[in-house]
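Asker: Pasting in a structure now, in structure tokens, and then I'll have a few things to ask.
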Amino acid sequence: MSEKISFCKGNLSAVVLAELICEKLKASTVEAVCNKTAIGLAGEMRCNFPAFNGNRLNLEKHVLKSLAEKEDFDDFITYIRNPRSQTEAFIKAEVEKYIFTDQRDETVNILKKNVHDVNMLVRQALSTATQKVQTQTGDINMWLKEFSSLLKDELTLDTFSSQNFSDINNFDFLMEALKKEFAPISDEIRSLSLNKLKESRLKPDEILIDQLCNCCWVKCPFCAAVCTNTIEGHSGADHSVPFHRPSGIKGWHYSGTVEFSIDFCTTNVASDGSFYPCHDSEESVPYKLYRTAGPEYADWRITPDESKLLYWKWFVCRFQKKLEEHYNFKFQGRGEIPSEWKTISKCKK
Ligand SMILES: [Zn+2]
Ligand SMILES: [Zn+2]
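Numbering (my numbering), first residue to last: 671 to 1019.
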């Protein structure tokens, strides 16, 4: 009789423990599925999505292409002033489009696979822990340790004090109780919607921003082109960029006039001209000695060359009026736009 009572008490404890464990598993399985999916999607896009599968210059090319497609002047100005924030916005928008529109089916498949994997992990851990305890005649303490360690890479299960459950001795019963408790959790994660990814701790767009935007963002003091060095705060090497832009884009103009400067900085640095490094500078600096104009200029390697992107010539023509309004200068006099720039079409740039 007394044996029968203790057996029942043990089973009662098993049910209580199963409830406690599943309460913890409920939150961590959803989180695990979302995190795995976010990591998987970021990895997938890093390999297969053209804007994200190359180097920094490749990403910039796609950002510029998307700006040209939208032809939104304010986005251009954001990009010129704060290229990082515009690039991050681009990554966010592309990830959103990829996940929720273009590759929705693929995303659902990745999510389903992760739901399946997490379900399997729990089931597998249950039977492995149970088997081990039974073959080694272990106790509930051993079972709990084994079960948590099998899950620990993906699911966090706070440590339970096994003291209150020391009367559990029927591990098959415990396993069945847990399976029963886990069934509704399993159903719940199976019906997880893609929108749940937006609440996840890890988000695919943030993972990609971390990977892709961790580089130098220093802008050319003349034309605001962004240094293409892949190391943030790189020392020992000058900032540089293969393609500079007409400096009027950043608001450079001829001193004391409203005439924009439309020359490329690569041309200016080879010229005999000079410039005022700041709005309130009293002395001008010869372009050829631009590095002496202050810390902003000192670390830039700007070489005279002909690598002038048609893109920015197109931009100046397309947004001539907007640029004039924005900076309050004119493309006139020395800043007149050369007529051949006006023949550049969007597809040629
Ligand atoms: Zn420049
Ligand atoms: Zn740099």
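All residues carry an ideal CB built from backbone N, CA and C; glycine is no exception.
1. Count the other CB atoms, across all protein chains shown, that sit within 10 Å of the CB of THR699; report buried if there are 16 or more and exposed otherwise.
2. Note down the Cα distance separating GLU673 from VAL685, rounded to an integer number of angstroms.
3. Give the range of the alpha helix (DSSP H) segment to which CYS935 is assigned.
4. For TRP984, report the span of its alpha helix (DSSP H) as first-last.
5. Check whether the stretch 749-764 touches the stretch 877-885, counting contact only when three or more Cβ pairs, one atom from each stretch, lie closer than 8 Å.
6. Spatial neighbours of ILE780 within its chain, please: CB distance less than 8 Å, with the 5 preceding and 5 following residues excluded, ordered by chain position.
7. Given the structure, does PHE945 come close to ligand 1, in the sense that its CB is under 7 Å from one of the ligand's heavy atoms?
8. Who are TRP970's beta bridge partners in DSSP?
9. For HIS909, is the beta carbon positioned less than 7 Å from some heavy atom of ligand 2?
10. Buried or exposed for PRO916, going by 16 or more other Cβ atoms inside 10 Å?
11. How do the stretch 797-812 and the stretch 716-731 stand: do at least 3 beta-carbon pairs fall below 8 Å, yes or no?
12. According to DSSP, simplified to helix, strand and coil, what is PRO854?
13. Measuring straight from C-alpha to C-alpha, what distance separates GLU766 and SER863?
14. In whole angstroms, give me the CA-to-CA distance for SER736 and GLN990.
15. Does the distance from the C-beta atom of GLU701 to that of ARG871 stay below 8 Å?
16. Kindly indicate which three-state DSSP category PHE1001 falls into: helix, strand or coil?
17. Note down the Cα distance separating HIS914 from CYS704, rounded to an integer number of angstroms.
18. Determine whether the beta carbon atoms of ARG971 and ASP875 lie at a separation below 8 Å.
19. Is any heavy atom in ligand 1 found nearer than 7 Å to the beta carbon of PHE892?
20. Just tell me which of SER925, PHE743, ASP857 has its CA closest to the CA of LYS782.
21. Have a look at VAL785 and ILE855 and give me their C-alpha separation to the nearest angstrom.
22. Going by the C-beta, is CYS948 closer than 7 Å to any heavy atom of ligand 2?
23. Would you say the beta carbon of ASN914 is closer than 7 Å to some non-hydrogen atom of ligand 2?
24. Could you pull out every residue in the same chain whose Cβ sits closer than 7 Å to the Cβ of LYS694, ignoring the five residues on either side in sequence?
25. With the cut-off set at 8 Å, would you say ASN899 and CYS886 are in Cβ contact?
26. Are at least three pairs of beta-carbons, each pair with one atom in the stretch 999-1016 and one in the stretch 940-952, less than 8 Å apart?
27. Hey, would you say ILE769 sits closer than 8 Å to HIS996, going by beta carbons?
28. Compare the Cα-Cα distances from CYS883 to each of PRO891, VAL896, SER1015 and report the closest residue.
29. Excluding the five sequence neighbours on either side, which residues of its own chain have a C-beta within less than 6 Å of the C-beta of LEU979, listed in chain order?
30. Report back the beta-carbon spacing between LEU796 and ALA688 to the nearest angstrom; my notes put them in contact at under 8 Å.
31. Is HIS949 buried or exposed, if buried means 16 or more other CB atoms sit within 10 Å of its CB?
32. Pick from PHE892, ASP933, GLN756: whose alpha carbon is nearest that of PRO1008?
33. Quick one: what's PHE930 bridged to in DSSP?
34. Could you check the C-alpha separation between SER954 and TYR924 for me, to the nearest Å?
35. Which residue from MET790, THR798, LYS1016 puts its Cα closest to that of ALA853?
36. What are the start and end residues of the alpha helix (DSSP H) that includes ALA763?
Answerer: In terms of the structure at hand:
1. buried
2. Its pLDDT being 48, under 50, GLU673 is placed unreliably in this model, and the value from its coordinates should be taken loosely. Looking at the two C-alpha atoms, the distance is approximately 19 Å.
3. Its alpha helix (DSSP H) spans residues 935-938.
4. Start and end: 980-988.
5. yes
6. THR707, GLY710, LEU711, GLU714
7. The beta carbon of PHE945 sits no closer than 7 Å to any heavy atom of ligand 1.
8. HIS909
9. yes
10. Buried.
11. no
12. Of the three classes helix, strand and coil, the one that applies to PRO854 here is helix, per DSSP.
13. 15 Å
14. 19 Å
15. yes
16. Coil, per DSSP.
17. 42 Å
18. no
19. Inclusion of PHE892 in the 7 Å shell around ligand 1 follows from its C-beta lying nearer than that to a non-hydrogen atom of the ligand.
20. ASP857
21. 11 Å
22. no
23. Per the sequence shown, the amino acid found at residue 914 is His instead of Asn. No, the beta carbon of HIS914 sits no closer than 7 Å to any heavy atom of ligand 2.
24. Cβ-Cβ distances below 7 Å link LYS694 to LEU827, ASP828 in the same chain, with the five nearest sequence neighbours on each side left out; the list follows chain order.
25. yes
26. no
27. No Cβ-Cβ contact shorter than 8 Å links ILE769 with HIS996.
28. VAL896
29. PHE913
30. Their Cβ separation, rounded to whole angstroms, is 10 Å, which puts LEU796 and ALA688 out of contact at 8 Å.
31. It is exposed - the Cβ of HIS949 has fewer than 16 other Cβ atoms within 10 Å.
32. ASP933
33. HIS923
34. 12 Å
35. MET790
36. It spans 753-767 - the alpha helix (DSSP H) in which ALA763 sits, taken as one unbroken run.
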